[in-house]
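Read through the structure below, which is laid out as structure tokens, and then see the notes.
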Amino acid sequence: MNISLGLRTTFARALRPQTTAYAHCDIPCGIYDPHEAQLAAETVEKMTQLIIDLPAAAAGDASAQAHYSMQIARYTAIKEQHAERVKHEVRIIWGDYFNPERMAATPDLHTKVWNIMKVASQTRQGVNIDAAKSLRTAVNEFADIFWATKK
Amino acid sequence: MLAALLSVGALGASVLELRRRWLTVEVAGDSMVPALQAGDWLVVRLIEAGAPPLEAGAIALARDPSGRLLLKRVVGLPGETIELRDERVLVDGRPLAEPHARGETHPASELRTLTRLDRDAYYLLGDNRLASTDSRDHGPVRLGSSARLGAASPPAVEGVALFRYWPPGRAGRLPRAPRLLEGERAPSR
Chain A
2 MNISLGLRTT FARALRPQTT AYAHCDIPCG IYDPHEAQLA AETVEKMTQL IIDLPAAAAG
62 DASAQAHYSM QIARYTAIKE QHAERVKHEV RIIWGDYFNP ERMAATPDLH TKVWNIMKVA
122 SQTRQGVNID AAKSLRTAVN EFADIFWATK K
Chain B
11 MLAALLSVGA LGASVLELRR RWLTVEVAGD SMVPALQAGD WLVVRLIEAG APPLEAGAIA
71 LARDPSGRLL LKRVVGLPGE TIELRDERVL VDGRPLAEPH ARGETHPASE LRTLTRLDRD
131 AYYLLGDNRL ASTDSRDHGP VRLGSSARLG AASPPAVEGV ALFRYWPPGR AGRLPRAPRL
191 LEGERAPSR
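Going down the list, the sequences are from chains A and B. Taking my numbering, the leading residue of the first sequence gets 2, the next gets one more, and so forth. Taking my numbering, the leading residue of the second sequence gets 11, the next gets one more, and so forth.
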């Protein structure tokens, strides 16, 4: 009886793995990081301001007008891109990272995220510096909420 | 009597030989889900000098810069260009199908989306893309030899996981996930 138990223990010990290998993830591993969204929101505000500040080309100066149109197109393209990036990055954190437990301190998180989506769209639809500023504020607040769950 | 002594000696020698060539490991973490689960016990064949190159789709045992052993899927082979674009993996410009992978493949940084692999370098990714730290963070790894196995050795692929022997219900050979380019079909066997 003892021998059989001893054999079994020896057998189990022989089978036990020699070491541990990690199929792991160091969170935050670049995926759950609101920094990208914050940078993108700042870019949206910056581009909106650049569009507002760009002096109009003199009437009749075709070359200056072409340059003006090109600049506006560039600023607008970047504004579009980064507003969309804000929405993308926030959606990932909201959808993949947050769960009921992490939302406990912020029960109205869904409303806040929904608001970010709406305001980000407003920054795309017009040259709206107020919307751009409130987008930046809202995204910074979202980042604070995210980091608070890490404490 | 002599024969008995000889066979005991041979057994001892072969056990030592096995220890040199094979390693058993317990899986920790979820980055290779669903292929590997935390708590699985695996048999890993260690890489020896002059070992044949790794195959795409194999599960490699590699050491990260901190000296920790990681289990990740071989995605890129020596000489290839790996690009992470639109949440996908592209090999030499062609997107992979990757039915075994989960979640979108995001680069660790928007500035590090393109990797050209040296003659002896491999690109490794966890199957569970949203929860894996791998070549996106640590860069590509070279093939190492088990002779250098130890915390002091540089980051390298040190083995290939071949079998799962625990739990019994999922024991068996670990299937190599064939690497498929978009539109290609799995080879029928």
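Each residue gets a CB set at the ideal place from its N, CA and C atoms; glycine is no exception.
According to DSSP, which residues form a beta bridge with residue i?
i: Val37 (chain B); result: A:Ala22
i: Ala70 (chain B); result: B:Lys82 and B:Val170
i: Arg95 (chain B); result: B:Arg98
i: Pro188 (chain B); result: Answer is none; Pro188 (chain B) lacks a bridge partner.
i: Glu182 (chain B); result: The sequence shown places Gly at residue 182 (chain B), not Glu. Paired residue(s): B:Arg174.
i: Arg112 (chain B); result: B:Asn138
i: Pro105 (chain B); result: B:Leu100
i: Trp32 (chain B); result: B:Arg55
Could you give the residue range of the alpha helix (DSSP H) that holds residue i?
i: Trp51 (chain B); result: Looking at the DSSP string, Trp51 (chain B) is not in any alpha helix (DSSP H); the run it does join, the beta strand (DSSP E), is Trp51 to Leu56.
i: Thr143 (chain B); result: Neither: Thr143 (chain B) is in no alpha helix (DSSP H) and is coded neither H nor E.
i: Arg92 (chain A); result: Ala63 to Ile93
i: Met42 (chain B); result: Careful: Met42 (chain B) lies outside any alpha helix (DSSP H) and carries neither H nor E.
i: Arg137 (chain A); result: Ile130 to Ala149
i: Arg103 (chain A); result: Pro101 to Met104
i: Ser122 (chain A); result: Leu110 to Gln126
Given a cut-off of 7 Å, decide if residue j and residue i are closer than it, judged by their beta-carbon atoms.
i: Val167 (chain B); j: Tyr132 (chain B); result: yes
i: Pro150 (chain B); j: Leu127 (chain B); result: yes
i: Met42 (chain B); j: Leu87 (chain B); result: no
i: Arg260 (chain B); j: Leu190 (chain B); result: Absent from the structure is residue 260 (chain B), since the part of chain B shown begins at 11 and ends at 199.
i: Ala111 (chain B); j: Arg139 (chain B); result: yes
i: Leu135 (chain B); j: Arg83 (chain B); result: yes
i: Gly169 (chain B); j: Val54 (chain B); result: yes
i: Thr21 (chain A); j: Glu97 (chain B); result: no
i: Ala133 (chain A); j: Thr49 (chain A); result: yes
i: Asp130 (chain B); j: Arg152 (chain B); result: yes
With a threshold of 16 other CB atoms inside 10 Å of the CB of residue i, please say whether the residue is buried or exposed.
i: Ser119 (chain B); result: exposed
i: Glu37 (chain A); result: buried
i: Ile53 (chain A); result: exposed
i: Trp95 (chain A); result: buried
i: His68 (chain A); result: exposed
i: Leu136 (chain A); result: buried
i: Asp74 (chain B); result: buried
Where do the N-terminal and C-terminal ends of the beta strand (DSSP E) with residue i fall, by residue?
i: Tyr132 (chain B); result: Ala131 to Leu135
i: Arg152 (chain B); result: Val151 to Leu153
i: Arg126 (chain B); result: Leu124 to Arg126
Have a look at residue i and residue j and give me their C-alpha separation to the nearest angstrom.
i: Leu71 (chain B); j: Arg125 (chain A); result: 47 Å
i: Thr91 (chain B); j: Val101 (chain B); result: 6 Å
i: Thr150 (chain A); j: Thr138 (chain A); result: 19 Å
i: Glu46 (chain A); j: Ile93 (chain A); result: 22 Å
i: Ala171 (chain B); j: Glu85 (chain A); result: 41 Å
i: Ile79 (chain A); j: Thr34 (chain B); result: 52 Å
i: Thr107 (chain A); j: Pro62 (chain B); result: 54 Å
i: Ser64 (chain A); j: Pro35 (chain A); result: 42 Å
i: Gly103 (chain B); j: Asp109 (chain A); result: 43 Å
i: Ser127 (chain A); j: His116 (chain B); result: Sequence inspection shows Gly at residue 127 (chain A); the Ser mentioned does not correspond to that position. Taking the straight line joining both Cα atoms gives about 30 Å.
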